[in-house]
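Asker:
2 protein chains.
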Amino acid sequence: MACSGGRERGAYHHGDLAAALVRATLEIVDEVGVRGFSVAEAARRTRVSPGAPYRHFADRDALLAAAALEVSRRLRAIHLEAMTTASSPHERLAAVAGSYVRAAAVHRGGFDLLFAPGLRTHHLELRDSTREFIDLLLPSAFEVVPPEQGAKAAVGLLEALSAVARGYVALLLDGVFGEPGAVAAEVAVRATRAARALVDGYGLPDTTPS
Amino acid sequence: MACSGGRERGAYHHGDLAAALVRATLEIVDEVGVRGFSVAEAARRTRVSPGAPYRHFADRDALLAAAALEVSRRLRAIHLEAMTTASSPHERLAAVAGSYVRAAAVHRGGFDLLFAPGLRTHHLELRDSTREFIDLLLPSAFEVVPPEQGAKAAVGLLEALSAVARGYVALLLDGVFGEPGAVAAEVAVRATRAARALVDGYGLPDTTPS
DNA sequence: AGACGAATGTGAGAGGCTCATACATCCAAT
DNA sequence: ATTGGATGTATGAGCCTCTCACATTCGTCT
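Residue numbers (my numbering), protein chains in the order written: chain A, 18 to 227; chain B, 18 to 227.
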C-alpha cells in the first residue's frame, strides 16, 4: 500500500496490483469498449508481465467483473446523491432514473461493463447490485404506493423503474437517439418523465398536493 | 443457389455460405453466448475453411451483426403477431411489451446478439430496428394519447415502452429474477403491467413543463 | 461450344491473446 | 537470519482473427 507512483528501483512487487489493474481496465474499456479490452493490455499499462494479472484474477472475466463491481459502487454513490437533492418521494424516484441516464453518458465504458452479458451471471455480488438499487429506493416506494396494495406493488414499481432506467440507457448507448453525449441531457428528461408516469400509474391518482 | 444440403461430390462452392454462416452463428450464440462465439467455429460447423467466412463478412463483428439483423427480422414477426391478438390499442401496446419478454426467454442467444454493445452502433440497419419497432406501434399510440398532447407525446410513450420492455428483458437475462427460463412468464406479466401503467401515465393530462 | 474474368473456397501463416507451469524475488513472522 | 508464502517473470501451448497467394468453379460473351 505504500508506493503509489510506479517503478522505484527495487520495485519487483507492485504494491497493489489488483487495484491498479482494475483502474487500467476501466480506462481501457472507456477507450475501446469491453470487446476491445484485453488482459494483456491491462498488464502492459500497469507495467507488469502478461501473466501477472492471473495471480489476482482467475481469468479475464474475473477482472472485468471486478471492474464492473467498482463501477456499481461508484454508481451507488451517484444514486445516493441524486436522492438527497429531491424533495418528495415522488420526485426522488423519478430523479434517480434521470441521474442514471446522465451517469451513463459520462461513464459509457462503465455501463458497457455493467451490461456486459455473462458477467453478472457469474459474479454474485454483481448480480445483487440491482437488488441493492431496489433496496435503496424501497422506503420512497412505500410512501408512493397506496398501503392497501402491499409491499409487492412497491417492489413491482421499483422493478419497473429499474427497467425503464436501464432501458433508456441501453437505447441511449445504442445511439438510437443520436450521439449519446449530445442527447443525454434530453433523454434523461424523457426518462424522468417516463418514471413519473410509471409512479403515477402504480400509485393513487393524486398524492401530491401542490 | 441450387444445392441446399451440403457437400455433394464436387461441392467446392457451398451454395449460400453467407446464410449458412448466419445460421451457424445463431446456433453457436445460443449455446455459448456472444463471448464464446468464434468465426472459426462457425466455419467449422459449416464445413468450410477458417478463412472462407471472410469472403462474405469483413470481420467477426460483421458476421455477428448480420446474425443480429436476422434476429431482429424474426422479432418483428413476433411483434406483429402479438399485435393482432390484442383487441384495444391500449392492450396492444401492453401486449407487445409482454411478448418481447417472452421472446427473450426463448431466444436468449438472439437477444444476447441484439444487445451486444458496439454492433448496433456499427450497423445502420440494426440501429434502425428500434425505430421500426416504434413505427409499428405509432398508430396505436395515437389512439391512446390525448390528441391535444401532440405527436411528440405519442412518440415519447413508445420510447418509454421500448425502454421498459428492453429493461425487463435485460434484468431477466441477467438473472435478477432467477433462472430466466423459469421466471419468464411471470416477468412478462409484470412487464405488461408496467407497460399498462406507462400507457395510463401518458394518457393523463400533461404534468410536465417541457 | 470455348474461353475468360469474377466470385468463392483453400492453405499456410503472422501476430495477438488467454491461460498454465516452472522459476525468481521479495516480505513477514519466527 | 531463515524460511515459507505471496507476488511477479519467463516461456510456451493452443486458439483465434485476419491476410495473401493460389485453386476451383460459375456465368457470360462471343
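By construction, the Cβ of each residue, glycine as well, lies at the ideal position given by its N, Cα and C atoms. Being a predicted model, the structure only gives us computed values, none of them experimental.
Find the nearest neighbour of A/Ala-36 within the set A/Arg-52, A/Ala-99, A/Leu-81, A/Phe-54, judged by alpha-carbon distance.
Answerer: Position 19 of the first sequence, counted from the start, is the residue given in the question as residue 36 of chain A. The residue with the shortest Cα to Cα distance from A/Ala-36 is A/Leu-81.
Asker: Nearest chain A C-beta to B/Phe-132 closer than 8 Å, yes or no?
Answerer: As a position in the second sequence, residue 132 of chain B is number 115, starting the count at 1. Taking Cβ atoms only, chain A reaches closer than 8 Å to B/Phe-132, which makes this a yes.
Asker: Can you tell which of A/Pro-163, A/Leu-131, A/Glu-108 has the C-alpha that lies nearest to the C-alpha of A/Leu-92?
Answerer: Residue numbering aside, residue 92 of chain A sits at position 75 when the first sequence is read from its first letter. For A/Leu-92, the nearest C-alpha among the options comes from A/Leu-131.
Asker: Taking the alpha carbon of B/His-96 as the point to measure from, which residue in B/Val-118, B/His-107, B/Ala-85 has its own alpha carbon closest?
Answerer: In the second sequence, counting from the first residue as 1, residue 96 of chain B sits at position 79. If we check each option's Cα against that of B/His-96, B/Val-118 comes out closest.
Asker: Counting only C-beta atoms, is B/Thr-147 closer than 8 Å to chain A at any point?
Answerer: Numbered from 1 along the second sequence, position 130 holds the residue referred to as residue 147 of chain B. Output row for B/Thr-147: interface = yes.
Asker: Would you check if the distance between the CB atom of B/Arg-137 and the CB atom of A/Gly-184 is smaller than 8 Å?
Answerer: Position 120 of the second sequence, counted from the first residue, corresponds to residue 137 of chain B. Position 167 of the first sequence, counted from the first residue, corresponds to residue 184 of chain A. The answer is no: Cβ separation not under 8 Å.
Asker: Specify the secondary structure class of A/Pro-103 as computed by DSSP and reduced to three states.
Answerer: On the first sequence, residue 103 of chain A is found 86 positions in, with the first residue counted as 1. According to the sequence displayed, residue 103 of chain A carries Ala and not Pro. Looking at A/Ala-103 - three-state DSSP - the assignment turns out to be coil, as it is neither helix nor strand.
Asker: Which same chain residues end up closer than 7 Å to A/Ala-171 when comparing Cβ atoms and leaving out the 5 residues on each side of it in sequence?
Answerer: In the first sequence, the residue the question calls residue 171 of chain A occupies position 154. Only Leu-155, Ala-158, Phe-159, Val-162 meet the Cβ criterion.
Asker: Determine, using beta carbons only, whether A/Val-65 and A/Phe-54 come nearer to each other than 8 Å.
Answerer: As a working note, residue 65 of chain A is residue 48 in the first sequence. As a working note, residue 54 of chain A is residue 37 in the first sequence. Going by C-beta atoms, A/Val-65 is not nearer than 8 Å to A/Phe-54.
Asker: Tell whether a beta-carbon distance below 8 Å holds between B/Ala-114 and B/Ala-202.
Answerer: Against the second sequence, residue 114 of chain B aligns to sequence position 97. Against the second sequence, residue 202 of chain B aligns to sequence position 185. Not a contact, by the Cβ cut-off of 8 Å.
Asker: Please state if the CB of B/Ala-122 and the CB of B/Phe-198 are separated by a distance shorter than 8 Å.
Answerer: Counting from one through the second sequence, the residue named residue 198 of chain B turns up at place 181. Counting from one through the second sequence, the residue named residue 122 of chain B turns up at place 105. Before going on, a small fix: residue 198 of chain B reads as Gly here, not Phe. Yes, these two residues count as a Cβ contact at 8 Å.
Asker: Figure out for me which residue from B/Phe-150, B/Pro-106, B/Pro-67 has the closest Cα to the Cα of B/Asp-217.
Answerer: As a position in the second sequence, residue 217 of chain B is number 200, starting the count at 1. Answer by Cα proximity: B/Pro-106.
Asker: A/Leu-188 touches chain B at which residues, Cβ-Cβ below 9 Å?
Answerer: Position 171 of the first sequence, counted from the start, is the residue given in the question as residue 188 of chain A. In chain order: Thr-147, Glu-176, Ser-179, Ala-180, Arg-183.
Asker: Considering only their Cβ atoms, is the gap separating A/Arg-61 from B/Gly-173 smaller than 8 Å?
Answerer: As a first step, residue 173 of chain B must be located in the second sequence, where it is residue number 156. As a first step, residue 61 of chain A must be located in the first sequence, where it is residue number 44. No.
Asker: If the cut is a Cβ gap below 7 Å, which residues of chain A does B/Thr-138 touch?
Answerer: Reading the second sequence from its first residue, position 121 is the one you call residue 138 of chain B. Correct list: Asp-191, Gly-192.
Asker: So, helix, strand or coil for A/Arg-64, using DSSP?
Answerer: Locating residue 64 of chain A in the first sequence gives position 47, where the first residue counts as 1. Correct three-state label for A/Arg-64: coil.
Asker: Does the distance from the C-beta atom of A/Arg-148 to that of B/Gly-192 stay below 8 Å?
Answerer: Translated into the one-based positions of the first sequence, residue 148 of chain A becomes position 131. Translated into the one-based positions of the second sequence, residue 192 of chain B becomes position 175. Contact flag unset, no.
Asker: Buried or exposed: which applies to B/His-139, given that a residue is buried once 16 or more other Cβ atoms fall within 10 Å of its Cβ?
Answerer: Your numbering for residue 139 of chain B matches position 122 in the second sequence. It counts as exposed.
Asker: Do B/Ser-179 and B/Phe-150 have their beta-carbon atoms positioned less than 8 Å apart in this structure?
Answerer: In the second sequence, counting from the first residue as 1, residue 150 of chain B sits at position 133. In the second sequence, counting from the first residue as 1, residue 179 of chain B sits at position 162. Cβ distance < 8 Å, so B/Phe-150 and B/Ser-179 count as in contact.
Asker: Any beta carbon from chain B within less than 8 Å of A/Asp-129's own beta carbon?
Answerer: Counted from its first residue, the first sequence places residue 129 of chain A at position 112. Chain B, which has a Cβ nearer than 8 Å to the Cβ of A/Asp-129, makes this yes.
Asker: Quick check on DSSP: helix, strand or coil for B/Pro-163?
Answerer: In the second sequence, residue 163 of chain B corresponds to position 146, counting from 1. B/Pro-163: coil per DSSP, three-state reduction.
Asker: For a minimum of 3 consecutive residues, which ranges assigned as the beta strand (DSSP E) are wholly contained in the stretch 118 to 196 of chain A?
Answerer: Segments of the beta strand (DSSP E) lying fully in the stretch 118 to 196 of chain A: there are none.
Asker: Can you give me, in chain order, the residues of the stretch 51 to 82 of chain A that have a beta carbon less than 9 Å from any beta carbon in chain B?
Answerer: Under the 9 Å Cβ criterion, the stretch 51 to 82 of chain A contributes Val-51, Arg-52, Gly-53, Asp-78.
Asker: Pick out whichever of A/Ala-103, A/Pro-134, A/Gly-195 has its Cα sitting closest to the Cα of A/Ala-85.
Answerer: For the purposes of this step, residue 85 of chain A is identified with residue 68 of the first sequence, where counting begins at 1. Ranking the options by Cα distance to A/Ala-85, first place goes to A/Pro-134.
Asker: DSSP three-state call for A/His-73: helix, strand or coil?
Answerer: Indexing the first sequence from 1 puts residue 73 of chain A at position 56. Note: A/His-73 maps to coil in three-state DSSP.
Asker: Could you give the DSSP three-state label for A/Ser-55: helix, strand or coil?
Answerer: Position 38 of the first sequence, counting from 1, holds the residue named residue 55 of chain A. DSSP places A/Ser-55 in coil when its eight states are reduced to three.
Asker: For A/Ala-307, does the count of other Cβ atoms within 10 angstroms reach 16, so buried, or fall short, so exposed?
Answerer: Lying before the first or after the last residue shown, residue 307 of chain A is absent from chain A, which here runs from 18 to 227.
Asker: Which same chain residues, not among the five before or five after B/Gly-127, have their C-beta less than 6 Å away from its C-beta?
Answerer: As a working note, residue 127 of chain B is residue 110 in the second sequence. Val-88.
Asker: Against chain B, with Cβ distances strictly below 8 Å, would A/Ala-202 count as a contact?
Answerer: Counting from 1 along the first sequence, the entry for residue 202 of chain A is found at position 185. A/Ala-202 does not count as touching chain B.
Asker: Specify the secondary structure class of B/Gly-220 as computed by DSSP and reduced to three states.
Answerer: Position 203 of the second sequence holds residue 220 of chain B. Here B/Gly-220 sits in helix by DSSP.
Asker: For B/Gly-32, which option in B/Thr-63, B/Glu-44, B/Gly-195 has the closest C-alpha, if you only look at C-alpha atoms?
Answerer: The residue given as residue 32 of chain B occupies position 15 in the second sequence. When only C-alpha atoms are compared, the closest one is B/Thr-63.
Asker: Is it the case that the Cβ atoms of B/Thr-209 and B/Ala-112 are separated by a distance below 8 Å?
Answerer: Taking the second sequence and counting its residues from 1, the one referred to as residue 209 of chain B is at position 192. Taking the second sequence and counting its residues from 1, the one referred to as residue 112 of chain B is at position 95. For B/Thr-209 and B/Ala-112, yes; Cβs fall inside 8 Å.
Asker: Does the Cβ-Cβ distance between B/Val-200 and B/Phe-194 come in under 8 Å?
Answerer: In the second sequence, counting from the first residue as 1, residue 200 of chain B sits at position 183. In the second sequence, counting from the first residue as 1, residue 194 of chain B sits at position 177. For B/Val-200 and B/Phe-194, yes; Cβs fall inside 8 Å.
Asker: Have a look at A/Gly-167 and A/Tyr-219 and give me their C-alpha separation to the nearest angstrom.
Answerer: Within the first sequence, numbered from 1, the residue matching residue 167 of chain A stands at position 150. Within the first sequence, numbered from 1, the residue matching residue 219 of chain A stands at position 202. The straight-line gap from Cα to Cα measures roughly 12 Å.
Asker: With 8 Å set as the bound, which would you pick, yes or no: does the beta-carbon of B/Thr-225 sit closer than that to a beta-carbon of chain A?
Answerer: In the second sequence, counting from the first residue as 1, residue 225 of chain B sits at position 208. For B/Thr-225, the pLDDT reaches just 48, beneath the cut-off of 50, and the residue's location in the model is therefore unreliable, leaving the point undetermined.
Asker: Taking B/Asp-129 as the reference, give the member of B/Val-51, B/Leu-38, B/Leu-189, B/Ala-41 with the closest Cα.
Answerer: Here residue 129 of chain B is taken as the residue at index 112 of the second sequence, counted from 1. B/Asp-129 has its Cα closest to that of B/Val-51, out of B/Val-51, B/Leu-38, B/Leu-189, B/Ala-41.
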